[in-house]
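Counting in our numbering, the sequence shown runs from 412 upward without gaps.
From the three backbone atoms N, C-alpha and C, an ideal C-beta is built for every residue, glycine too.
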Amino acid sequence: MANWLRFEIALLTALTVAISSRAAAGQEAFRPVGSLSCNSTACHGNEPLDIKVPRKTEEFSRWMYADPHQNAARTLASEKYRDILVRTSNRDDNQADPKILARCAKCHDPLSGTGDHSTVSEFGHGIGCESCHGNAEKWLARHYERDISRPELAELGMFDTKDLRTRGQQCASCHVGSADRDMDHDMIAAGHPPLRFELSAYHDLIPNKHWNDNRERLEKRDFQVQLWAAGQTAAATARMELLAARSTPAKPNWPELAESNCFSCHATIRGQGQGTINRVGRPQWSPWNLTFVADNSSLTSLRELFRNDFAPAQIQTAKLSKEAKQQLQESLTSQEVTSRAALTMVTKSLDSNTADWESRCQQYLALTAVERAERDELAKARYYAVISDAEYNRRSAEQRELIAGLAQVRTWLEFEPQSAKKVLLDEPLRFQEKRAEIGAELRQITDRLHQQTQNRK
Numbered sequence: 412m413a414n415w416l417r418f419e420i421a422l423l424t425a426l427t428v429a430i431s432s433r434a435a436a437g438q439e440a441f442r443p444v445g446s447l448s449c450n451s452t453a454c455h456g457n458e459p460l461d462i463k464v465p466r467k468t469e470e471f472s473r474w475m476y477a478d479p480h481q482n483a484a485r486t487l488a489s490e491k492y493r494d495i496l497v498r499t500s501n502r503d504d505n506q507a508d509p510k511i512l513a514r515c516a517k518c519h520d521p522l523s524g525t526g527d528h529s530t531v532s533e534f535g536h537g538i539g540c541e542s543c544h545g546n547a548e549k550w551l552a553r554h555y556e557r558d559i560s561r562p563e564l565a566e567l568g569m570f571d572t573k574d575l576r577t578r579g580q581q582c583a584s585c586h587v588g589s590a591d592r593d594m595d596h597d598m599i600a601a602g603h604p605p606l607r608f609e610l611s612a613y614h615d616l617i618p619n620k621h622w623n624d625n626r627e628r629l630e631k632r633d634f635q636v637q638l639w640a641a642g643q644t645a646a647a648t649a650r651m652e653l654l655a656a657r658s659t660p661a662k663p664n665w666p667e668l669a670e671s672n673c674f675s676c677h678a679t680i681r682g683q684g685q686g687t688i689n690r691v692g693r694p695q696w697s698p699w700n701l702t703f704v705a706d707n708s709s710l711t712s713l714r715e716l717f718r719n720d721f722a723p724a725q726i727q728t729a730k731l732s733k734e735a736k737q738q739l740q741e742s743l744t745s746q747e748v749t750s751r752a753a754l755t756m757v758t759k760s761l762d763s764n765t766a767d768w769e770s771r772c773q774q775y776l777a778l779t780a781v782e783r784a785e786r787d788e789l790a791k792a793r794y795y796a797v798i799s800d801a802e803y804n805r806r807s808a809e810q811r812e813l814i815a816g817l818a819q820v821r822t823w824l825e826f827e828p829q830s831a832k833k834v835l836l837d838e839p840l841r842f843q844e845k846r847a848e849i850g851a852e853l854r855q856i857t858d859r860l861h862q863q864t865q866n867r868k
C-alpha cells in the first residue's frame with residue numbers, strides 16, 4: 412500500500428509540474444488584465460482587520476500595504492538605481508538607454524514593461540498579482556468556481572503557487588534569472604547587488620504575507636525544509652537556463668563573469684603573514700545555487716569544465732547546461748525532503764571541505780531552515796498535546812541554544828556596515844578571521860539537529 416501511495420503522489424506531482432510548465436511556457440498566449448481586477452471587496456480588496464493575521468478577501472490590500480514586491484518599480488525611480496542604469500547604459504549623453512530600462516522592467520516592473528519610471532503611481536506598476544499568479548485573461552472569471560481543479564486553472568495560464576516547486580520556479584525566474592532576465596556582471600559592476608537567492612530566507616523577508624503561511628506550516632510536516640528544498644532545485648534549474656543563454660555562441664562577452672564566485676577575483680592582495688590566504692589560479696565557478704543539488708551527469712561535466720577552463724567552449728557549455736536543466740526539472744517529481752534528509756546533505760557538504768563564503772552561507776541557510784522546521788514541529792506537538800510541558804520546556808531550551816549558535820555564525824558571515832563599498836573588494840573581515848570556527852560551529856549545530864530529529868515524536 413505504501414508503494415502505491417508513493418507512486419500516486421509522484422504521478423500527481425509530475426502532472427502538476429508538467430501542466431505548470433506548459434502554462435509558464437505559454438504565458439505569451441494569455442493577456443494580463445492588471446492588478447486592479449483583483450481589488451473588489453467581494454474578491455481580494457477588503458481592508459485588513461489585523462495586518463499580522465491574514466484572512467481571505469484581504470490579499471490585494473495586504474499586498475499594497477506590506478509586500479515589498481509592490482515597491483519594485485519605485486526602486487527603478489530612485490536616485491541610486493538611476494545611477495546604476497546610467498553607468499550600465501554607458502552613453503555619451505549620460506542618459507539611461509531605453510533598452511536597459513526595458514530589460515530592468517522585466518523583473519522590476521513587468522506589468523508596465525516600458526521602463527518609464529519618471530512617475531510611478533500606486534497601480535499599474537511593480538510586481539503585481541499576475542507576475543506571480545500568471546496572466547489572468549482566461550482564468551480570472553473562473554478561478555473562484557467551487558469545482559474547478561488546479562490542473563484546469565494551470566491550463567488557463569494560472570500558476571499553482573500552492574505547489575512549492577512551482578512557487579520556487581516563479582521566484583527564481585527573477586531572483587536568479589532566465590534567458591530574458593539576465594542580471595549580468597556589467598550590472599553588478601555598475602552597482603546592482605549580486606543575486607543571492609534562497610527561497611526559505613526570502614519567504615521570511617515578507618513580514619506580513621498576503622497568504623496564510625501559518626496554515627501551510629501547520630498542514631505540511633517540515634514545511635520550512637520543503638520550502639528550502641523546492642528553492643534549491645528551482646534556483647539550480649534557473650541557473651542552468653541562464654548559463655545556456657549566456658554561453659550561446661552568438662552571445663557576446665563570454666565568459667560571463669557573473670558565473671564566477673565574486674571573491675575569486677575581488678580579494679585584497681596582502682603579503683605573507685598578514686592573515687590572508689593567497690588566492691592563485693582561475694576564478695571559481697560560483698557554488699551559490701549549486702551547493703546542495705545532487706549532481707546529474709551533465710552538471711558533473713559542467714563542474715569539470717569550469718574547474719579546468721576559465722572560458723570553456725560555448726557550444727559544449729550551452730549543450731551541457733540545457734541537458735542539466737532538463738535533468739533537474741525531472742527531479743522535481745522526487746519525494747519531499749525531510750529535515751533528516753536536509754541534514755544529510757549539509758553533512759556531505761561539510762565533509763567536502765568547502766570553506767568559501769558562498770558555500771558557508773548556503774550551509775548556514777540550510778541549517779536555519781531545519782531549525783525553523785524543528786521549531787514548528789515542536790509547536791505543533793504542544794498544540795496537539797502529544798508531549799508534556801516538561802518535555803516541551805526542555806526541547807525549547809535546546810532550541811534557544813541552536814538559535815544562539817546560528818546567530819553567532821550569521822555575525823561571522825555578515826558584512827560589517829563600516830566596510831560597505833560601492834564595489835565589493837573582499838570577503839567579510841570576520842569571515843576571514845573565523846574560518847575554522849565557522850566550520851566547527853556549523854558541524855556542531857548539524858550534529859545537534861540530527862539528534863533532535865532522531866528524538867522527535
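Backbone CA spacing between residue 622 and residue 466 [nearest angstrom]: For the purposes of this step, residue 622 is taken as the residue at position 211 of the sequence shown. For the purposes of this step, residue 466 is taken as the residue at position 55 of the sequence shown. C-alpha separation (whole angstroms): 8 Å.
Start-to-end residues for the alpha helix (DSSP H) that takes in residue 632: Reading the sequence shown from its first residue, position 221 is the one you call residue 632. From DSSP, residue 632 is part of no alpha helix (DSSP H); its letter is neither H nor E.
Option nearest residue 640 by Cα separation, candidates 666, 757 and 669: Residue 640 sits at position 229 when you count from the first residue of the sequence shown. The shortest Cα separation from residue 640 among 666, 757 and 669 belongs to 757.
Beta bridge counterpart(s) of residue 592 as assigned by DSSP: Reading the sequence shown from its first residue, position 181 is the one you call residue 592. DSSP output for residue 592 lists 589 as bridge partner(s).
Separation of residue 655 from residue 730, as counted between CA atoms: Here residue 730 refers to the residue found at position 319 of the sequence shown. Here residue 655 refers to the residue found at position 244 of the sequence shown. In a straight line, the C-alpha of residue 730 is about 7 Å away from that of residue 655.
N- and C-terminal bounds of the alpha helix (DSSP H) containing residue 544: Sequence index remark: in the sequence shown, residue 544 carries index 133 (1-based). 540-544 is the span of the alpha helix (DSSP H), which, as asked, contains residue 544.
Buried or exposed (CB count within 10 angstroms, at least 16 for buried), residue 452: Position 41 of the sequence shown, counted from the first residue, corresponds to residue 452. Classification of residue 452: exposed, given that the 10 Å Cβ count is below 16.
Cβ neighbour criterion (16 or more within 10 Å) applied to residue 495: On the sequence shown, position 84 is the one that residue 495 refers to. Per the 10 Å Cβ criterion, buried.
Every unbroken alpha helix (DSSP H) within the stretch 747-775, with a cutoff of 4 residues, ordered by chain: 750-762
Coarse secondary structure for residue 474, derived from DSSP in three states: On the sequence shown, residue 474 is found 63 positions in, with the first residue counted as 1. Residue 474 falls in the helix class under three-state DSSP.
Endpoints, alpha helix (DSSP H) assigned at residue 823: Here residue 823 is taken as the residue at index 412 of the sequence shown, counted from 1. Element bounds for residue 823: 800-824.
Three-way DSSP call (helix, strand, coil) for residue 451 in this model: Working through the sequence shown from its first residue, we reach residue 451 at position 40. DSSP places residue 451 in coil when its eight states are reduced to three.
Cβ-based burial, residue 546 [other Cβ within 10 Å; buried from 16]: For the purposes of this step, residue 546 is taken as the residue at position 135 of the sequence shown. Burial call: buried.
Rounded distance between the beta-carbons of residue 694 and residue 721, thought under 8 Å: Start at 1 with the first residue of the sequence shown, and residue 721 comes out as number 310. Start at 1 with the first residue of the sequence shown, and residue 694 comes out as number 283. About 6 Å; that satisfies the 8 Å criterion.
Sequence-distant residues of the same chain with beta carbon closer than 8 Å to residue 564, five excluded per side: Counting from one through the sequence shown, the residue named residue 564 turns up at place 153. Excluding positions up to five away in sequence, the list reads 550, 553, 554 and 571.
Residues near residue 684 in its chain [Cβ-Cβ closer than 7 Å; skip 5 each side]: Locating residue 684 in the sequence shown gives position 273, counting from the first residue. Here the model assigns residue 684 a pLDDT of 46, short of 50, so the residue's position is not dependable and the matter cannot be decided.
Contact set for residue 769: own chain, Cβ-Cβ below 7 Å, skip 5 residues either direction: The sequence position of residue 769 within the sequence shown is 358, counting from 1. Hits under 7 Å: 672, 697, 698 and 699.
Test item: CB-CB of residue 759 and residue 648 under 8 Å: Translated into positions along the sequence shown, residue 759 becomes position 348. Translated into positions along the sequence shown, residue 648 becomes position 237. For residue 759 and residue 648, no; Cβs fall outside 8 Å.
Spatial distance of residue 668 from residue 603 (CA atoms): Numbered from its first residue, the sequence shown carries residue 668 at position 257. Numbered from its first residue, the sequence shown carries residue 603 at position 192. Distance between the alpha carbons of residue 668 and residue 603: 14 Å.
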